[in-house]
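In what follows, a structure is listed as structure tokens, so that the remarks can point back to it.
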């Protein structure tokens, strides 16, 4: 549940950040950011290019990205609350936690499906920006290869979204978890409740 709590915090922050960015309306010029990154010797400067490409792609697909970011913020907040209640062993929260986990699983799948255009746009921008790197840069070939980025995004989605939420949902449906929540409910004194 601690991992799902962290996912909820990340989802809430990402949803709020994306919504605030899209409401602001200014999109970075990825080529200019890439040229600045090329002039720096810091190897991690390309992360700035990646962020700029993602932000630019989100602004190009604002009609899809904005409502999804609001949904992500709401469901991320619910996941934080549900995970916190489960970690605290609150009586009667097991059903609520399962509902929130299933809702987050469904939302993650819908979001991944609807944002294919966003991913395609930022992957193309990153590949084009990679061409601005010096020819002898070791990471240049990987950065310029869109199939690497598509594979990375698929693996990220399956391992860090579906697998974690699915495992948490499965854990909440196990007999051992049900017995734990029943034991906690019996141990809680009703006079302790607010």
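In the working numbering, the protein residues as written are 135 to 328.
Heads up, the beta-carbon is just placed ideally off N, CA and C, and yes, glycines get one too.
Residue i - DSSP class collapsed to helix/strand/coil
i, result
"residue 309", "helix"
"residue 238", "helix"
"residue 224", "coil"
"residue 300", "helix"
"residue 334", "Examination of residue 334 is not possible in this model, given that the chain is present from 135 through 328 alone."
"residue 148", "helix"
Anticipated Cβ contact below 8 Å, residue i with residue j, distance rounded
i, j, result
"residue 149", "residue 204", "7 Å"
"residue 136", "residue 298", "That pair is no contact at about 11 Å."
Identity of the residue in the options nearest residue i by Cα
i, options, result
"residue 195", "297, 294 and 245", "245"
"residue 89", "193, 237 and 169", "Missing from the structure shown is residue 89; the chain here goes from 135 to 328 and no further."
"residue 234", "300, 189, 275 and 316", "300"
"residue 259", "288, 147 and 185", "185"
"residue 257", "247, 189 and 305", "189"
"residue 197", "251, 221 and 230", "251"
"residue 139", "166, 180 and 221", "221"
"residue 280", "291, 201, 136 and 254", "254"
Cβ shell of residue i (< 6 Å), same chain only, five flanking positions each side left out
i, result
"residue 211", "146"
Neighbour-count burial assignment, residue i, 16 or more Cβ in a 10 Å radius
i, result
"residue 142", "buried"
"residue 283", "buried"
"residue 295", "buried"
Contact set for residue i: own chain, Cβ-Cβ below 7 Å, skip 5 residues either direction
i, result
"residue 274", "264 and 267"
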